[in-house]
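Structure first, commentary second.
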Amino acid sequence: MAALRYSAARHSLRSRACLFSAAGNTRGMHSRSRSSSSSGGESRPDPSIERPAPPHLIPLPPPPASPDPDRARYFDFSQDAFNAISDLFANPSLAAGPALDSALDEAGIQPRSELMEAIFARFDSSPKLLFGLFRRAEKKPEFRPSAALFNSMINALGKARDFDSAWELINGRLQGNGQSMLVSVDTFAIMIRRYTRAGRTQPAIRTFEFASGLDFIQNADSEMKLLEILLDSLCKEGHVGVGSEYFSYTRGLKSNWIPSVRVYNILMNGWLRSKNLECAEALWAEMKKENVKPTVVTYGTLVEGYCRMQQVERAMELIDEMKGEGIESNAVAFNPIIDALAEAGRFEEALGMLERFLVGECGPTISTYNSLIKGFCKAGDLVGASRIIKMMISRGIVPTPTTYNYFFWYFSKSGKIEEGMNLYTKMIESGYTPDRLTYHLLLKLLCEEERLELAVQVSKEMKSRGLDMDLATSTMLIHLLCRMYKFEEAVLEFEDMIRRGVVPQYLTFQRLKDELHKRSMTELACKIRDLMSSVPHSTNLPSKYSRQGGLPRARKMSIMQKAEAMSDILKDCNNPRKLVKRRSSLRSVSNQTN
Numbered sequence: 223m224a225a226l227r228y229s230a231a232r233h234s235l236r237s238r239a240c241l242f243s244a245a246g247n248t249r250g251m252h253s254r255s256r257s258s259s260s261s262g263g264e265s266r267p268d269p270s271i272e273r274p275a276p277p278h279l280i281p282l283p284p285p286p287a288s289p290d291p292d293r294a295r296y297f298d299f300s301q302d303a304f305n306a307i308s309d310l311f312a313n314p315s316l317a318a319g320p321a322l323d324s325a326l327d328e329a330g331i332q333p334r335s336e337l338m339e340a341i342f343a344r345f346d347s348s349p350k351l352l353f354g355l356f357r358r359a360e361k362k363p364e365f366r367p368s369a370a371l372f373n374s375m376i377n378a379l380g381k382a383r384d385f386d387s388a389w390e391l392i393n394g395r396l397q398g399n400g401q402s403m404l405v406s407v408d409t410f411a412i413m414i415r416r417y418t419r420a421g422r423t424q425p426a427i428r429t430f431e432f433a434s435g436l437d438f439i440q441n442a443d444s445e446m447k448l449l450e451i452l453l454d455s456l457c458k459e460g461h462v463g464v465g466s467e468y469f470s471y472t473r474g475l476k477s478n479w480i481p482s483v484r485v486y487n488i489l490m491n492g493w494l495r496s497k498n499l500e501c502a503e504a505l506w507a508e509m510k511k512e513n514v515k516p517t518v519v520t521y522g523t524l525v526e527g528y529c530r531m532q533q534v535e536r537a538m539e540l541i542d543e544m545k546g547e548g549i550e551s552n553a554v555a556f557n558p559i560i561d562a563l564a565e566a567g568r569f570e571e572a573l574g575m576l577e578r579f580l581v582g583e584c585g586p587t588i589s590t591y592n593s594l595i596k597g598f599c600k601a602g603d604l605v606g607a608s609r610i611i612k613m614m615i616s617r618g619i620v621p622t623p624t625t626y627n628y629f630f631w632y633f634s635k636s637g638k639i640e641e642g643m644n645l646y647t648k649m650i651e652s653g654y655t656p657d658r659l660t661y662h663l664l665l666k667l668l669c670e671e672e673r674l675e676l677a678v679q680v681s682k683e684m685k686s687r688g689l690d691m692d693l694a695t696s697t698m699l700i701h702l703l704c705r706m707y708k709f710e711e712a713v714l715e716f717e718d719m720i721r722r723g724v725v726p727q728y729l730t731f732q733r734l735k736d737e738l739h740k741r742s743m744t745e746l747a748c749k750i751r752d753l754m755s756s757v758p759h760s761t762n763l764p765s766k767y768s769r770q771g772g773l774p775r776a777r778k779m780s781i782m783q784k785a786e787a788m789s790d791i792l793k794d795c796n797n798p799r800k801l802v803k804r805r806s807s808l809r810s811v812s813n814q815t816n
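The sequence shown begins at 223 in our numbering and counts up by one.
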């Protein structure tokens with residue numbers, strides 16, 4: 223029945239023209255109607271796609287009625303202006319620069335911080351367009367950007383790894399004495415986190431040292447806050463060795479400095495994340511030697527580390543040690559144990575731990591229940607996961623999109639399109655707003671199952687709900703378009719990524735270019751080559767990927783061996799009956815080449 227329904231859905235989106243029609247509508251997958259571009263408007267799934275009836279197994283109570291905190295502050299601006307800018311940003315023929323500036327001037331849009339903050343939230347994966355909008359606004363004498371907007375611009379540039387432009391903005395706002403109404407500790411924290419995420423540890427350290435020398439940061443509290451952010455960023459991004467070295471260097475400069483418990487917590491977390499128990503326990507011993515009193519976060523960090531290394535019993539012992547220290551355990555300590563037990567399929571013990579948690583002063587949080595739901599979903603037990611949802615609802619905790627994302631993870635892993643689309647439909651009908659991860663998992667499922675029509679429709683619904691296509695979702699769509707031999711459409715999506723300031727992975731570029739060359743689509747191959755050359759990018763490829771034809775070398779050799787074996791057999795045998803008898807020989811050769 224499901225196959226019939228989805229077959230009908232395919233026919234309802236009949237021809238290629240419905241998705242990527244020629245001429246003006248070719249870029250229709252990027253377009254966005256005014257009615258759907260509202261920052262707060264309700265968007266429904268497209269009725270042209272017939273979906274199966276929603277499931278009744280997974281409970282979906284009405285979500286909390288509180289407003290979206292990310293949008294609550296974006297109320298003081300014209301909705302028409304927001305829609306107009308959104309439409310311009312969604313227009314694939316408009317790039318940042320004179321064309322976009324002229325279009326904005328023609329629309330008569332006056333820049334205001336509230337309006338631009340809403341645009342930044344909506345198009346957070348289009349840094350080039352946002353920078354163009356910000357630069358145009360700066361030229362207007364009446365424009366007074368807020369600190370939040372300025373930091374959003376710095377974050378967007380850092381996310382795009384355009385650090386030169388970010389520094390240009392920062393230096394332009396710093397006065398001769400190093401003061402600024404816009405540049406703050408938060409600004410440099412953004413730069414540090416973006417540098418470490420990009421793997422650029424030394425620029426992150428230099429950013430900290432530069433900021434520490436500014437007048438408005440030259441106080442103990444601000445400098446220590448920024449140092450903690452630096453160490454935390456390095457540890458979370460897998461550079462705990464660099465962080466530990468800089469910690470030792472700082473202690474050498476300040477002989478009387480006793481690090482705070484937070485600094486120790488950060489470094490211990492870094493070593494435990496890298497599964498280096500020896501270094502973590504050495505820090506734990508050093509804390510005790512320096513008489514730095516541990517907190518519940520310290521114990522929670524150790525508990526999580528032991529759980530990560532599958533030493534759950536040792537983690538449970540720490541809970542008892544906490545009591546001996548007079549520290550009341552809470553979700554920070556309990557959640558990792560419940561998560562580890564559920565991950566290992568030890569559900570009775572996990573539920574027993576939950577009951578133990580319930581009798582404490584601090585009861586379970588939504589993260590506690592989500593850990594159980596994740597474990598059941600990973601085990602393929604959706605009935606068990608649904609029971610946990612009912613349990614949390616009965617205790618006054620309402621599920622969030624994160625809760626249901628574990629179901630989407632299972633559907634994506636198992637290739638269950640019908641169930642995934644059912645849950646997606648029911649979420650929206652129940653009043654939930656799917657988040658970016660929801661769409662990522664759903665698009666991953668549809669792309670892996672080569673359901674192009676549904677994938678494109680879901681990507682449109684994603685954009686209509688205020689979520690920009692990011693690197694991951696755009697990449698999945700381009701690869702699917704290539705597999706479906708829709709190379710012109712893949713080039714359009716590739717071009718739109720560059721226009722928005724999202725740099726495609728080099729593997730995506732190489733695959734698309736190889737496919738275009740194979741089909742003698744030379745003009746399009748040159749086009750994407752020029753586009754890729756216009757932006758800084760890595761040239762790294764997976765070792766198994768061969769630039770010649772895009773196939774791994776081993777696979778290419780295997781195909782050649784099979785072809786040669788087939789050729790030899792056909793040369794020697796013209797009699798069809800004898801050929802049948804030699805099938806086993808052919809299979810043997812084929813198996814050897816696999």
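Ideal Cβ positions, reconstructed from N, Cα and C, are used throughout, including at glycine.
Assigned secondary structure, residue i (DSSP; H/G/I helix, E/B strand, else coil)
{"i": "L404", "result": "coil"}
{"i": "D346", "result": "coil"}
{"i": "S444", "result": "helix"}
{"i": "V724", "result": "coil"}
{"i": "W479", "result": "coil"}
{"i": "L761", "result": "Strictly speaking, residue 761 in this sequence is Thr, with Leu absent from that position. Note: T761 maps to coil in three-state DSSP."}
{"i": "M706", "result": "coil"}
{"i": "T624", "result": "helix"}
{"i": "Q332", "result": "coil"}
{"i": "R383", "result": "coil"}
{"i": "T590", "result": "helix"}
{"i": "P284", "result": "coil"}
{"i": "P516", "result": "coil"}
Assigned exposure category for residue i - 16 Cβ within 10 Å defines buried
{"i": "A504", "result": "exposed"}
{"i": "L371", "result": "buried"}
{"i": "Y626", "result": "buried"}
{"i": "N644", "result": "buried"}
{"i": "S756", "result": "exposed"}
{"i": "Y661", "result": "buried"}
{"i": "A537", "result": "buried"}
{"i": "L663", "result": "buried"}
{"i": "S696", "result": "buried"}
{"i": "Y646", "result": "buried"}
{"i": "V525", "result": "buried"}
{"i": "V581", "result": "exposed"}
{"i": "D454", "result": "buried"}
{"i": "E328", "result": "exposed"}
Cutoff 8 Å: residue i Cβ touching any chain B Cβ
{"i": "P516", "result": "Here chain B cannot be found, since the structure has a single protein chain."}
Pick from the options that is closest to residue i, judged by C-alpha positions
{"i": "E450", "options": "E500, G460 and G465", "result": "G465"}
{"i": "K362", "options": "S593, K381 and R334", "result": "R334"}
{"i": "R344", "options": "D690, L738, R366 and M698", "result": "D690"}
{"i": "E711", "options": "R722, A306 and L738", "result": "L738"}
{"i": "N195", "options": "A553, C584 and E508", "result": "One cannot answer for residue 195 here, as it falls past the ends of the chain, which runs 223 to 816."}
{"i": "Y632", "options": "L604, L659 and V620", "result": "L604"}
{"i": "F731", "options": "Q533, I750 and A369", "result": "I750"}
{"i": "V462", "options": "K447, L494, T472 and R473", "result": "L494"}
{"i": "G330", "options": "K476, N305 and E459", "result": "N305"}
{"i": "E339", "options": "E364, L316 and A378", "result": "A378"}
{"i": "A747", "options": "R733, D323, S402 and P758", "result": "R733"}
{"i": "M531", "options": "D408, E547, K497 and A502", "result": "K497"}
{"i": "V407", "options": "F469, E445, G688 and Q301", "result": "E445"}
{"i": "L659", "options": "L667, A607 and D443", "result": "L667"}
Cβ pair residue i, residue j closer than 8 Å
{"i": "L355", "j": "I414", "result": "no"}
{"i": "I610", "j": "F629", "result": "no"}
{"i": "A325", "j": "L310", "result": "yes"}
{"i": "I376", "j": "A359", "result": "no"}
{"i": "D692", "j": "V713", "result": "no"}
{"i": "A433", "j": "I427", "result": "no"}
{"i": "L594", "j": "A562", "result": "no"}
{"i": "P656", "j": "P621", "result": "no"}
{"i": "A382", "j": "P425", "result": "no"}
{"i": "L456", "j": "T409", "result": "no"}
Residue i Cβ short of 7 Å to the ligand NAP heavy atom set
{"i": "L475", "result": "By its list of ligands, the structure shown contains no ligand whatsoever, and the ligand NAP lies outside what it can speak to."}
*Is there contact here, the stretch 718-730 with the stretch 679-688, by at least three beta-carbon pairs under 8 Å?*
no
*Do three or more CB pairs link the stretch 513-529 to the stretch 472-489 at distances below 8 Å?*
yes
_If contact is defined by three or more beta carbon pairs under 8 Å, each pair taking one atom from either stretch, is the stretch 612-619 in contact with the stretch 630-642?_
no
*asked:* Taking contact to mean 3 or more Cβ pairs, one atom from each stretch, closer than 8 Å, check whether the stretch 740-753 and the stretch 692-704 are in contact.
replied: no
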